[in-house]
Structure formats: C-alpha cells, structure tokens
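Student: This is the structure, below, for whatever I ask next.
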Amino acid sequence: MFSSDGRKVVTIWIVLSVIATPIVVLVLGPHLPPGNGSGQAHEQVVDNTWMLAILTPVIVLLAVFFPYALTHFRHRGGDLEDGPPLRNDNVVMTWWLSVTSLTVLFLAGFGTYQLLQNGSGGGQGPSPIAVPSGSKLPVQVIAQQWQFTYRYPTYGGVETPQLVLPADTDVELHVTSLDAIHSFWAYELGVKADANPGVDNVAFVETRGPQTFHVRCAELCGLWHGYMFNNGKVVPQSQFAAWIKSQQTAFAPVAKYLPKYSKTYYPDPQRRAG
Amino acid sequence: MSVARRLVGFNLLTACLLGIGGWYVGWFAAHAVVGPSLNFFTQVDFNELSLVMGYLCGVIGFLVGLGFLNYPLARLRGYPPSLREKETGGIGRYFGLCTDHKVVGIQYLVGIGFFFFIGGLNAMLIRTELLRPNHQVWPAGTYLTIVGLHGTMMMGMMTSGILGPFANYFIPILIGARRMAFPRIEALTFWLLMAAGVILETTIFFGGFPTGWTGYQPLGTQANPGIESYYLFFALVGISMTLLGLNMIATVVTMRAPGLTWTRLPIFVWGVLSTAVLMVLAAPVLIAALSMAVLDRVAQTNFFVSAQGGSSYLYENLFWFFGHPEVYILALPGFAIVLEILPVFARKPLWGYRLAVGGLLGVTLLSFLVWQHHLFFSGINADLRPFYMLSTELISIPTGLTFICGMMTLWRGRIRYSVPMLFCLAWFFNFFIGGLTGVFLSDTPSDTTTHGSFFSMAHFHYTIMGGLVFTFFAAIYYWVPKMTGFQLNERLGKVHFWTMFFFFNSTFFPLFIAGFLGQPRRVVTYANGLHFINVWVSISAFCLGGSMLVFLYNFVKSLVFDRVPAPADPWGSKSIEWQLPSPVPVHNFDRIPVFSGDPYGYGEARPTTVPAGAPAGMN
C-alpha cells in the first residue's frame, strides 16, 4: 500500500501519537484556560482538552513528516535532477479525506453537544436556547463608556459598581449597553457576552466556591476601552445576603433616580451613541 | 524635450495637483450646500459632508489628472477604440496611467510595498506602547488610531498583495495572452488603491478613528471626523477589489491560449480565479455597508443607530459577510503560490492537481457560509451557532487538501532549498499553527474565552502574516528576477528568511499564551502579570521589523546597485513565463503559444508548452 518510506513515517507517527497524546493531555490539560472557576468555565476546559487530544496526533503527523521528507529527499549539488512523476495516489487521498472529515465532524458534533449542555457561558441573545434548569439569580450587566454597573432586579433593582455573586448558584446575566458595543468578559467565570445598545443578551453561569474574578471589556468601545475593567467576587451565600443588604442601604438615596428596571435602557433624551 | 515640458500632461504630478484641487472644490461645494454661508473658518461644528465631498472630488481629480477620462471622452468624440495606452517609453511609464500589465504589476509591487512598510511601522508603534502595562507613550486616542491604521492598512492594501503585483504581471503570461481583458480597468484598480492609501493616512489631520479595522457601529457614528478616511479608504479598496476581481475572471475565462484547458491551468491561476470570485462577491457588500455608515454620519440616517430604530447587528452582519471572505482573499493566493512553487523546487509534478483545485474552490464556497462565527456571543441567532461552528470547521477539509497536495509533492522529490522554497515551507509551519488555533476559535464553547483576546489576534497573524506575507516574499524572490531581469542576492535572502521566520514565531507564538491568560485585543493597558510576555513580544516584533530592513537592503542593493542579470530560467522551472526573456518584452509573445499539458512535467518526457516560434513584432 505505502512505500517503505511511507510505512516508516506512518509507524513513527502512530507510535509517537500514542505516547504524546496522553502526555500532552495530562501535562497541559489542567492548565488550559479559563480554569474551573464555574461550571461553564469547567466545560470550556473539557472542550479545550478534547481538542488538544484530537489535534495532538495531527501535530505529530506533521512534526514527523516534514523533518523526514525535508532531510530524506534533499538534493545536494548544483545539477537539476527530477523526482519521480507521481501525480496521484488514491489510497493516500482516501485516507486523508476520510480522516480529516471524520475529525472535523466529530469536533463539530462534540462542540455542539457541549454548547447545548449549559450554554458554555456565551451570550445567547434575548431568547437563549441552552438554559440551565432550576431557579436562577438574575443580574443585569449595564455597559457604558467606560464602565460596567450591575443591577439586581430581585433586590429592588439596586445598582452597584462591583459584581458580587453568591457561591454555588445559577446566575442569569442580562447584558446590555447604553452606547457603543461592549463585551462583558468575566475571565475566570468563562463568561463572554456582547453588550449591544437596545439588546438584552442573556448568558448563564453556575458559580462555584468563593473567589475573585476579573471583568474586562472585550470589544473595542472607544477611547478608554483599555481601562474598562474591574474585579468581581464570588462569596458564600450568607455573605452575599449581607452584602446586597448593605448595598441597598448605601444606594438608597440615589435609588429613586434610577430608571425602572427594564431589559434595556435608552439614555434620556434619546441621542446618538456617545 | 525639456524637463518642464515633460511635466506638463497627464501624469502623477498633474494628478496630485488636480487631486488637491478637487479636494478643495468638494470642500467648498459642500459648504455651499449645507451651510447658509461660507464662513466656515468661524464655524464651531465640523461640516462633515464637506470632508466626504472633499475626498470624493479629490479622488476624481486625481484620476482625471492621470488621464482616465481621456479615453472615454475620445470615444464620445468618435475616435476609434484602442486597448493600449502609453506602453512605450522609459521610466515615465511607471508614474502614470499605463495599460501594460507588466508595468501595472511593478507599480503594484512598489506601491503596496510602500504601504505595507507604513502599516508595519504602525505595528512597531503599537508594540512600543505595550512595553509597559500602563499606558505611557501615546495618548489613548492616538494609540487606537495607530491600531486602526495598522489593521486597516494591512487588511485593505494586502487584499491585493499577491493579485496586484503577481497576478497582474503573470496571469496573462501564464495563460498565453498579451494583455488583461480590461487594461484600463487594471490600471484604475492600482491608482484607486494609491489614492485610498493616502486618504487613510490623512485621518491623522481629522482626529483619527477609534474603531480598529472593523469600524463597528455605533462607535463609528460617535467617532471623530477622521473616521471618514477609514470609510472612504475601505470603500475605494472595495471598488478596486471588485474591478480587479472582475478583470481577473474575464481574463482567465476568455483569454486562454489554444490548448490551455481548465485541467492544464497552472494552480496559481486557479488560486487567482478563486480569489477573484471572492472579491467580486464580497467587496460590494463592504462598499454598501460603508456607504450606509457614511450616510449615518453626514445625512442623519439611522441604519445602525439602535436608539432610532436601526441596528448595530446590521453593520456587524454586513461587515463580516465581507470580512470573512476577505480573510480568504488574503489567504487563498498564498495557497496557490505555495502549490505553484513547490513542484519547481521539489522537481516533481504537482501531486493531486484536481484535489488542489477542489480545495481552492471548496474554501471559496465555504468562506461565504461562516461569517457569524465572529458574532458567536453578540446575541444574535443563538440557535444558528452550531451551524456556523460546523461550517467553520468544515473549511479545514479543503484547506487540508492544500496541505496533502503540497506534502505529497515534496514526498520523494529532489528538494532544493532556494529562498522562495524556504518561504513556502515556512508557510506550512505557520499556516498549520494558524489552522490548529483556528479550531479552538471555531469551537463555540472554547471561543467564549478566546474571542476578542490576543489568542484570536495571534491566530489571524499566523494565517495572514504567516500565510500571506511569507508567500508574498516567496513570490518576490521567485518572480522578481523575471520581472526586473536582475537577480536578488541569495545570501541576503536567506538572512532575511531566517530572521523573519524566527522572529515572526517569537513574536506571535507567545501571544497565544497572552490570549489564553486573558489579555484582550486593542487595549492600551494589560495586567501586570502579562508584562514579561509583552516585553518579549515587543522586542521580537522590533527584530521582525529589522528583518524587513534586511529585505529592503537586499532589494535596493540587488536591483539598483549590483544589477546582476538574471538568466531566463534561474530555477529550472517548466512554466511558460520562464521561457520568455527577462524582463518580459512588451507584447509578451511573438506568437501566441499552444499548450499541450500543464506546467508540472518534471520527470516526464513530454514538453509542456510550445511557444511557437514566429516572426517578432506581431501584435
């Protein structure tokens, strides 16, 4: 089927793949982003690990093929010498097409399955399709140039400058914007959702233990885009209850100036972005 | 003829003067239309219509000055049709409208090279800023303008990076023709691009623009007037691309020499044809989207202003419907160059010709079906995400065909490592990394973290710089001896290659890690923990910039000072362009050649092309 060179490359490839794949998965897998800060982040790590496991043999194939071919078939000397006029090989082609197609279809199928599990932390628009079952804490993320504020509709619509979430809770994030397009990116929680003016972009996250996480804007939104970040916290549920009460008290004097809670807001008077 | 006498007429000097004059005509005219008076010197609000009209009239003046109106007017006055203009004469041909496809190719090479250099300098300025985690060198607005200028210049100009210089020069030769189908349109595409490049740079006089190369709305609506430069630049590039694509398709379809059937076309011609199809179908969408954005600003329409009933998603969709084919407009010519050059240096026929063609066409088709993978988390069509994930990952299959065809061409060859070959082999390395990381980006769950981060930025630099720019240089080292008749220094070429290859990877590979660790794109600040990676990347980037200087030195030294004449066929290629003298005479062929096979007959007895000998001087 294959020439002796071909058999050699294929053998080395199979042996090295069998050795390399578990090593790569075991060594790199635990360090893959974004970590295990939430259920969604964990699923992303699983996804990344699977992809790495599938792609390792592909990397090994090229890492074996090219050094072999480039050293073995090198022609030294000034004269021109032609190689054999091989123009096709149905066996190689069938193998190649089958393997790449199966890999791709598997990756797409696996990704779709993972995506529909819990939404993978991505913004799903106003009518999400991958919705975790059970009760969820709604939190609104309002982006504007150049900061995020957070609104807790189930706690009287109080608005805070910092995102604090209770541990081990399903949270329903409603991301919206007042001006340009922003993107709410909570790195450790594995959440990313664009904030569009006039749009309610819903993302879900299942928090785990207490931790600090970073929030950054991930969509270019103008002058101070680079400074649009702050920290958030996941705290034990009792601590969260105390915190939200303190916020309600602290912001009571300004609460009456806030607009009524709504899925989206427009600045009044209506104006163009900015 | 005195020098002064020569400067009068339709040439670049006249064009620049008329361009500036036209700018002022448009500026005054728009003020007269919009304002009740012309006292704009005391006006507080910026009259943006005047800026747009200034640019448009400036471009028209520029083209009139070059003489693009002469032929249509002559035809109106009843003069006979002609296809050629200003093709004889010395160096002056290169500074004006010339319909010789070889002159246009060299104009493109120098013009695009110039703007590529400017775009590269912008990258150096970006990396200077990122030497420290906090912003320090540039004001935040200036930084964003530099980021936007770098991205827009590269994504706009380099669309024609291979089609401009090399397709214009070699497509007619490779298909056995004496000219392109529409020679004047061919010249027009080049001069439009030059006008566009200048317009983009003038943004610095009007406050720059904060949107990056994507120009997202409604950020674009609130930006400084400088954003009009971005809109007009990209719209002009879009027009240039559409015309270039149409010209290429018409030429390849209608002007092939006898015997040159579809299965005998050089793979480079197939690559150009696929790219041209992408250009013709994608670029008009960009022109439409940008026109709407300009109207939003100057005519108070609300296409993209959601507070007034428009939609920012409309812009995102229109932009990426262009924007994703656009990245394949950049990548496909690279595939074609690699597959064209490999057989020459592996001394074997191109392996799996039909599959290679199928790969190119497959990428062309699929690239129109993937654009919403840029919008996975934008909040539209959550239920369409699996489809876009699938279609995006399917592109690996035709791309993989390019890989296997290239790899099997190397297999059992007699490989020689000349400079063009080194750049082609680097393509495999770079594009492989770009492709693998693309799998992470195409997977929606994984994309939650990588989207909008330095990971995606590193990914597209691997595919575009690693894919297009490396093959751009492969094509330069391979074909410039034919285009100019002079050899490029091989030793300096190898120094250029190894420094560029090493520092390219040293620059962009760490950025995958920075992205995985959470550094977003286009930010002026980053977390302190990422300081080391960013300093490493910046220093590597400066060295990468330095490797371009090696190239520049080599190019100028070899072509201006050393001037070692190149043999007609320095690489031992069997392709037809190498059987013509270097540089190629004005009419290419004394007599139209007859093809009896493809140009890859290495190790085969039969001749591939018969340039039939005939009396010289035939038109």
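From first to last, the protein sequence lines stand for chains E and V. Going by this note's numbering, the residue at position 114 of the first sequence is 717; the numbering climbs one at a time, nothing skipped. Going by this note's numbering, the residue at position 89 of the second sequence is 93; the numbering climbs one at a time, nothing skipped. Ideal Cβ placement from N, Cα and C applies to all residues, glycine included. On a predicted model such as this, the values are computed, not experimentally measured, just so you know.
1. Go through the region 747-824 of chain E residue by residue and report every complete run of the beta strand (DSSP E) that reaches 3 residues or more, in order.
2. Leaving aside the five residues before and after residue 622/V along the sequence, list all residues of the same chain whose C-beta is less than 8 Å from its C-beta, in chain order.
3. Spell out whether any CB of chain V is found under 8 Å from the CB atom of residue 775/E.
4. In angstroms, rounded to a whole number, what distance separates the CA positions of residue 98/V and residue 106/V?
5. Closest by CA to residue 545/V, which one among 89/V, 126/V, 69/V?
6. For a test of the three-state rule: what should DSSP assign to residue 316/V, helix, strand or coil?
7. What three-state label does DSSP hand residue 691/E in the structure shown?
8. Just tell me which of 54/V, 58/V, 102/V has its CA closest to the CA of residue 75/V.
9. Buried or exposed: which applies to residue 679/E, given that a residue is buried once 16 or more other Cβ atoms fall within 10 Å of its Cβ?
10. Classify residue 3/V: buried if its beta carbon has 16 or more other beta carbons within 10 angstroms, exposed otherwise.
11. Using 10 angstroms around the beta-carbon of residue 622/E, count the other beta-carbons present and answer buried if the total reaches 16, otherwise exposed.
12. Looking at chain E, is there any beta carbon in it that lies within less than 8 Å of the beta carbon of residue 390/V?
13. Could you tell me the distance, in whole angstroms, from the CA atom of residue 618/E to the CA atom of residue 671/E?
14. When you compare only the Cα positions, how much space is there between residue 133/V and residue 215/V?
15. Compare the Cα-Cα distances from residue 697/E to each of 334/V, 28/V, 404/V and report the closest residue.
16. Taking 8 Å as the CB-CB limit, is residue 876/E close to chain V?
17. What runs of the alpha helix (DSSP H), each 4 residues or longer, lie entirely inside the region 605-666 of chain E?
18. For a contact meaning CB atoms closer than 7 Å, what does residue 869/E contact in chain V?
19. Give every residue of the same chain whose Cβ lies closer than 7 Å to the Cβ of residue 151/V, excluding the five residues on either side of it in the sequence, and list them in chain order.
20. Does the distance from the C-beta atom of residue 447/V to that of residue 710/E stay below 8 Å?
21. For residue 304/V, write down the residues that DSSP places opposite it in a beta bridge.
22. Which term fits residue 833/E, buried or exposed, when burial requires 16 or more other beta carbons within 10 angstroms of its beta carbon?
23. How is the beta strand (DSSP E) around residue 832/E delimited, first residue to last?
24. Counting only runs that start and end within the region 61-120 of chain V, where is the alpha helix (DSSP H) found for 4 or more residues in a row?
25. Distance, Cα to Cα, residue 713/E vs residue 419/V?
26. Rounded C-beta distance between residue 383/V and residue 825/E? I'm assuming under 8 Å.
27. Could you check what DSSP says for residue 408/V in three-state terms: helix, strand or coil?
28. Can you list the residues of chain V that residue 809/E reaches, using a CB-CB cut of under 9 Å?
29. Does DSSP classify residue 867/E as helix, strand or coil?
30. Excluding sequence positions up to five away, which residues of its chain have a Cβ less than 8 Å from the Cβ of residue 343/V?
31. Could you tell me which chain V residues have their CB closer than 7 Å to the CB of residue 830/E, listed as they occur along the chain?
32. Which whole-angstrom value describes the C-beta separation of residue 643/E and residue 693/E, a residue pair presumed to lie in contact below a C-beta threshold of 8 Å?
33. Fully enclosed by the region 162-250 of chain V, which beta strand (DSSP E) runs are 3 residues long or longer?
34. Where does residue 580/V land, buried or exposed, given buried means 16+ other C-beta within 10 angstroms?
35. When Cβ atoms are compared, which residues of the region 667-695 of chain E fall closer than 8 Å to chain V?
36. So, is residue 491/V buried or exposed, given that buried needs 16 or more other C-beta atoms within 10 angstroms?
Tutor: This is what the structure gives:
1. Correct list: 750-755, 761-763, 767-769, 773-780, 785-789, 794-798, 804-809, 814-820.
2. Here residue 622/V refers to the residue found at position 618 of the second sequence. Confidence at residue 622/V is low in this model, with a pLDDT of 34, below 50, so its placement is unreliable and no value can be given for it.
3. The count along the first sequence starts at 1 and reaches residue 775/E at position 172. No, its Cβ sits nowhere closer than 8 Å to a Cβ of chain V.
4. Here residue 98/V refers to the residue found at position 94 of the second sequence. Here residue 106/V refers to the residue found at position 102 of the second sequence. Taking the straight line joining both Cα atoms gives about 10 Å.
5. Here residue 545/V refers to the residue found at position 541 when the second sequence is read from its first residue. It is 126/V whose Cα lies nearest to the Cα of residue 545/V.
6. Reading the second sequence from its first residue, position 312 is the one you call residue 316/V. Helix.
7. In the first sequence, residue 691/E corresponds to position 88, counting from 1. Coil, per DSSP.
8. The count along the second sequence starts at 1 and reaches residue 75/V at position 71. That would be 102/V, whose Cα lies nearest to the Cα of residue 75/V.
9. As a working mapping, residue 679/E is identified with position 76 in the first sequence. The residue is exposed, with fewer than 16 neighbouring Cβ atoms inside 10 Å.
10. The structure shown does not extend to residue 3/V, since chain V is modelled only from 5 to 623, so the question has no answer here.
11. Reading the first sequence from its first residue, position 19 is the one you call residue 622/E. A residue is called buried once 16 or more other Cβ atoms fall within 10 Å of its Cβ, and residue 622/E, having fewer, is exposed.
12. The residue given as residue 390/V occupies position 386 in the second sequence. For residue 390/V, the nearest CB of chain E lies under 8 Å from its own CB, placing it at the interface with that chain.
13. The residue given as residue 618/E occupies position 15 in the first sequence. The residue given as residue 671/E occupies position 68 in the first sequence. One C-alpha to the other measures close to 15 Å.
14. Taking the second sequence and counting its residues from 1, the one referred to as residue 133/V is at position 129. Taking the second sequence and counting its residues from 1, the one referred to as residue 215/V is at position 211. If you draw a straight line from the Cα of residue 133/V to the Cα of residue 215/V, it is about 18 Å long.
15. As a first step, residue 697/E must be located in the first sequence, where it is residue number 94. Distances from the alpha-carbon of residue 697/E to those of 334/V, 28/V, 404/V put 404/V closest.
16. Within the first sequence, residue 876/E is the residue found at index 273, counting from 1. Note that residue 876/E scores a pLDDT of 46, beneath 50, so its modelled location is shaky; the value from the coordinates is reported in the next line. With 8 Å as the cut-off, residue 876/E counts as an interface residue toward chain V.
17. Qualifying alpha helix (DSSP H) stretches, in chain order: 607-631.
18. Counting from 1 along the first sequence, the entry for residue 869/E is found at position 266. The answer, in chain order, is 311.
19. Locating residue 151/V in the second sequence gives position 147, counting from the first residue. Excluding sequence neighbours, residue 151/V sits near 130, 216, 526.
20. By 1-based counting over the second sequence, the position of residue 447/V is 443. By 1-based counting over the first sequence, the position of residue 710/E is 107. Yes, the pair counts as a contact, with Cβ atoms nearer than the cut-off.
21. Translated into the one-based positions of the second sequence, residue 304/V becomes position 300. BP columns for residue 304/V are empty, so no partner.
22. Locating residue 833/E in the first sequence gives position 230, where the first residue counts as 1. It is exposed - the Cβ of residue 833/E has fewer than 16 other Cβ atoms within 10 Å.
23. The sequence position of residue 832/E within the first sequence is 229, counting from 1. Unbroken beta strand (DSSP E) run through residue 832/E: 832-838.
24. For the region 61-120 of chain V, whole alpha helix (DSSP H) runs of length 4 or above, ordered along the chain, are 74-80.
25. Residue numbering aside, residue 713/E sits at position 110 when the first sequence is read from its first letter. Residue numbering aside, residue 419/V sits at position 415 when the second sequence is read from its first letter. Cα to Cα, the separation comes out at about 40 Å.
26. The residue given as residue 383/V occupies position 379 in the second sequence. The residue given as residue 825/E occupies position 222 in the first sequence. Contact doesn't hold; Cβ gap of about 20 Å is too wide.
27. To locate residue 408/V, count along the second sequence from 1; it is residue 404. Residue state, collapsed to three classes: helix.
28. By one-based count along the first sequence, residue 809/E stands at place 206. Per Cβ cutoff of 9 Å: no residues; residue 809/E is ~14 Å from chain V at best.
29. Translated into the one-based positions of the first sequence, residue 867/E becomes position 264. Residue 867/E: coil per DSSP, three-state reduction.
30. In the second sequence, residue 343/V corresponds to position 339, counting from 1. If we look at residue 343/V and ignore the five residues flanking it on each side, its Cβ neighbours are 271, 272, 275, 354, 360, 406, 409, 410, 413.
31. Residue numbering aside, residue 830/E sits at position 227 when the first sequence is read from its first letter. Near residue 830/E (Cβ distances below 7 Å), the residues of chain V are 529.
32. Within the first sequence, the letter at position 40 stands for residue 643/E. Within the first sequence, the letter at position 90 stands for residue 693/E. With a Cβ gap of about 45 Å, residue 643/E and residue 693/E do not count as contacting.
33. Fully enclosed beta strand (DSSP E) runs of 3 or longer: not present.
34. Counting from one through the second sequence, the residue named residue 580/V turns up at place 576. It is buried - the Cβ of residue 580/V has at least 16 other Cβ atoms within 10 Å.
35. Hits within the stretch, in order: 668, 669, 672, 673, 676, 677, 678, 683, 684, 685, 686, 687, 688, 689, 690, 691, 692, 695.
36. By 1-based counting over the second sequence, the position of residue 491/V is 487. With 16 or more Cβ atoms within 10 Å of its Cβ, residue 491/V is classed as buried.
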